[in-house]
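Engineer: For the sequence shown, counting from 1, position 30 maps to 53 in this note's numbering; every step adds exactly one. Dropping a structure here in structure tokens format, bear with me for questions.
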Amino acid sequence: MDDADAHASFIRALNTWKCATRVNFNIDPAHPNTDGDVCLIDWGVLPIGTNSVWGRTLNYGTKCGQGQTILKSQLKKFDMVFNSVAPFYKLEDLAGFDATMVDFQSNALHELGHAHLLNHTNHENMVMYAKLGLGQHRRVLTSWDEEGGDHIMSISTQASPGSNCKPPMAFADTTGLDCMPNAVSWRSDEIELFLTYPNPADGEVHFKVVCGESTSGHLALEIWGYNGQMSRKEFVSISGGQKEGKLDINYLPKGIYMICLKSGDRLLAVNKIIKQ
Ligand SMILES: [Zn+2]
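Take a look at the structure:
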């Protein structure tokens, strides 16, 4: 893409996804277009008028399996086209953005969601909502967008048996990116602070809980994988409204997990961690 502002805007969108899901997509402008497996990102002709399309992503998948049994679909490559005549706004600072413009970064973020194999949702505040109107921008992934991407990454980073399966994707190295830790996190009003660090983590995860006196007592920390299975449960006794400690995660396969803080069946807080 030979437009410096669009390129920079696209990289910001790409880094948003990389920070969130650690997807291993990289820009290589020097790569020759003659390689059939290269993902092309370019300007092109797309519908304009009442059914304007700002961008489009084509995914090329392969089915991976053993014999007749399809184990999973895998992404071979994707191509992305952005509307060459759309009134795109390409700058980071939204100060100059107005209701006659289309935000390029929001579009790139959306199309990169499709590159993750995500489809559209019907929630208007989500990046994966199909329509982005003039003057609208959605540059921040909602936790639902992010969970969708995490789900795909949890599949993509695991080895699959089957002779025609591609090797698992490695998580991207996000060193040097300005990523917010624990981009997916939620806490109820009863919890003042629920910190888990470092993220990504290797051998152990430190946690810190600050809560009201009435919430203190016998709480549980549960580690859940995106396969919907709990892989660990540990009880912590909190007195005086505060507790610090650590969890051994050496035994966990690399991947993305949720650490849930609970009181009985009641969910109090959730943080995302990446085991590397
Ligand atoms: Zn779309």
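All C-beta atoms in this analysis are idealised placements derived from N, C-alpha and C, irrespective of residue type, glycine included.
Counting along the chain, where does the alpha helix (DSSP H) carrying Ala27 start and finish?
Structural biologist: Its alpha helix (DSSP H) spans residues Ala27 to Thr44.
Engineer: Enumerate, from N- to C-terminal direction, the unbroken alpha helix (DSSP H) stretches of 4 or more residues contained entirely within the stretch 117-190.
Structural biologist: Listed in chain order, they are 127-138 and 166-179.
Engineer: Have a look at Gly268, Ser179, Val293 and Gly251 and flag the residue whose alpha-carbon is nearest the alpha-carbon of Val259.
Structural biologist: Among Gly268, Ser179, Val293 and Gly251, the Cα nearest to that of Val259 belongs to Gly268.
Engineer: Are the stretch 217-233 and the stretch 186-193 touching, with three or more C-beta to C-beta distances below 8 angstroms?
Structural biologist: The stretch 217-233 vs the stretch 186-193: no contact.
Engineer: Quick one: residues in its chain with C-beta nearer than 6 angstroms to the C-beta of Asp60, no 5 flanking neighbours on either side, listed in chain order?
Structural biologist: Lys100.
Engineer: So, Ser129 versus Arg161, is the Cβ gap smaller than 7 angstroms?
Structural biologist: Cβ atoms of Ser129 and Arg161: closer than 7 angstroms.
Engineer: On the three-pair Cβ rule with 8 angstroms, is the stretch 222-237 touching the stretch 70-86?
Structural biologist: With a cut-off of 8 angstroms, the stretch 70-86 and the stretch 222-237 do not count as touching, because too few Cβ pairs lie within range.
Engineer: Express the C-alpha separation of Tyr152 and Gln97 in angstroms, rounding to a whole number.
Structural biologist: So the alpha carbons of these two residues sit roughly 23 angstroms apart.
Engineer: Is the distance from the Cβ of Lys298 to the Cβ of Ile272 below 7 angstroms?
Structural biologist: Taking 7 angstroms as the Cβ cut-off, Lys298 and Ile272 qualify as a contacting pair.
Engineer: Identify whether Tyr249 lies in helix, strand or coil by the three-state DSSP scheme.
Structural biologist: Coil at Tyr249, not helix or strand.
Engineer: Please name the residue, chosen from Lys266, Glu245 and Glu169, that lies closest to Glu257 on a Cα-to-Cα basis.
Structural biologist: That would be Glu245, whose Cα lies nearest to the Cα of Glu257.
Engineer: For Asp212 and Ser262, what's the separation of their Cα atoms in angstroms?
Structural biologist: Rounded to whole angstroms, Asp212 to Ser262 spans 18 angstroms at the Cα level.
Engineer: Return the first residue and the last residue of the beta strand (DSSP E) that Ser286 is part of.
Structural biologist: Counting along the chain, the beta strand (DSSP E) containing Ser286 begins and ends at Gly278 to Ser286.
Engineer: Taking 6 angstroms as the line, does the beta carbon of Pro191 fall inside it for any heavy atom of ligand 3?
Structural biologist: Looking for ligand 3 in the displayed structure turns up nothing; the ligands present are ligand 1.
Engineer: Between which two residues does the beta strand (DSSP E) containing Gly67 stretch?
Structural biologist: Gly67 -> beta strand (DSSP E) spans Ile64 to Gly67.
Engineer: What's the call for Thr73, buried or exposed, on a 16-neighbour Cβ count within 10 Å?
Structural biologist: The residue is exposed, with fewer than 16 neighbouring Cβ atoms inside 10 Å.
Engineer: Enumerate in chain order the residues of its own chain whose CB-to-CB distance from Glu236 is below 8 angstroms, with the five nearest sequence positions on each side excluded.
Structural biologist: Here the set comprises Gly263 and Gly264.
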